[in-house]
Structures are given as structure tokens and as C-alpha cells.
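Sequence positions in the sequence shown follow numbering that gives the first Met the number 0 and run 0 to 111.
Structure, as C-alpha cells:
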Amino acid sequence: METLDDLKQRLREFARERDWEQFHSPKNLSMALIVEAAELVEHFQWLTEAQSKHLPEKTLREVEQEMADVFIYLNRMADLLGVDLMDAARRKIELNAKKYPAHEVRGKADKR
Numbered sequence: 000m001e002t003l004d005d006l007k008q009r010l011r012e013f014a015r016e017r018d019w020e021q022f023h024s025p026k027n028l029s030m031a032l033i034v035e036a037a038e039l040v041e042h043f044q045w046l047t048e049a050q051s052k053h054l055p056e057k058t059l060r061e062v063e064q065e066m067a068d069v070f071i072y073l074n075r076m077a078d079l080l081g082v083d084l085m086d087a088a089r090r091k092i093e094l095n096a097k098k099y100p101a102h103e104v105r106g107k108a109d110k111r
């Protein structure tokens with residue numbers, strides 16, 4: 000797979016081959032996504048900032064799998080809702096650039 004469209008097609012086929020389309024509602028996928036995100040967070044729960052940047056190989060592979068799960072569910076949900084994730088991300092970055100001008104927020108983590 001090389002593009003998000005390739006991934007979208009592969010995920011459609013994967014679900015179709017298993018008759019899982021019946022379970023892939025936006026509601027169910029959003030709940031599955033949050034479960035996988037929680038499993039991702041679990042790997043970092045008690046680590047220091049420094050430890051979180053230098054994971055043991057086994058943990059990194061596990062984190063990689065959880066990240067893939069989140070990515071897959073998000074992409075499947077976007078497909079069902081007709082959301083172009085690349086366009087949505089581009090628009091969100093533009094919105095954040097206006098909301099958080101670099102010259103005003105550099106080095107600060109305050110929420111606006």
C-alpha cells in the first residue's frame with residue numbers, strides 16, 4: 000500500500016471478505032478507535048518523559064501495533080463518513096496556525 004486510498008480499498012476488501020461491514024458503523028468504529036488509543040496510552044502510563052522517547056524494542060513493536068490499530072480504525076471511519084483525511088488535516092493545520100500564531104505561542108503549551 001502506498002496511499003491512503005490504497006489503504007481504504009484494502010480495508011474495504013478486508014471487511015467485505017469477513018462480512019464485517021455489518022459491524023463497521025461510525026459509532027462502533029469510533030468506540031473501537033478509543034479502545035485502541037487507550038491501549039496505546041497504556042504503554043506510556045508510568046514512564047518518564049525521557050523513557051517515553053527511548054522504548055525497548057519489544058515495547059516499540061507493541062506501540063507500533065497499537066498505532067496501526069488507531070490508524071486503521073480512523074481510516075475506516077473516514078471512508079464510511081466520506082471524510083478526506085488529508086484535506087481535513089490540511090484544513091485543521093491552517094486553523095491551528097491562525098489560532099496559535101508562532102510568534103505568540105512559541106515555547107508555550109497553553110490551550111486557547
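Cβ atoms here follow ideal geometry from the backbone N, Cα and C, with glycine treated the same way.
Keep in mind it's a predicted model, so treat the numbers as computed, not measured.
Going by other Cβ atoms of all chains shown within 10 Å of its Cβ, with 16 needed for buried, is residue i buried or exposed?
i   : result
R90 : exposed
E1  : exposed
E12 : exposed
E35 : buried
What do you reckon, are the CB atoms on residue i and residue j nearer than 8 Å?
i   : j   : result
M76 : L28 : yes
H23 : L79 : yes
L46 : V69 : no
Starting from the Cα of residue i, find the closest Cα among the options and give me that residue.
i   : options                : result
E63 : L73, G81, V82 and H42  : H42
K98 : K7, Q50, K110 and G106 : K110
Beta strand (DSSP E) segments (min. 3 residues) lying fully within the region 19-93: none
Tell me whether the region 18-37 and the region 72-87 touch, counting them as touching only if at least three CB pairs, one residue from each stretch, are closer than 8 Å. yes
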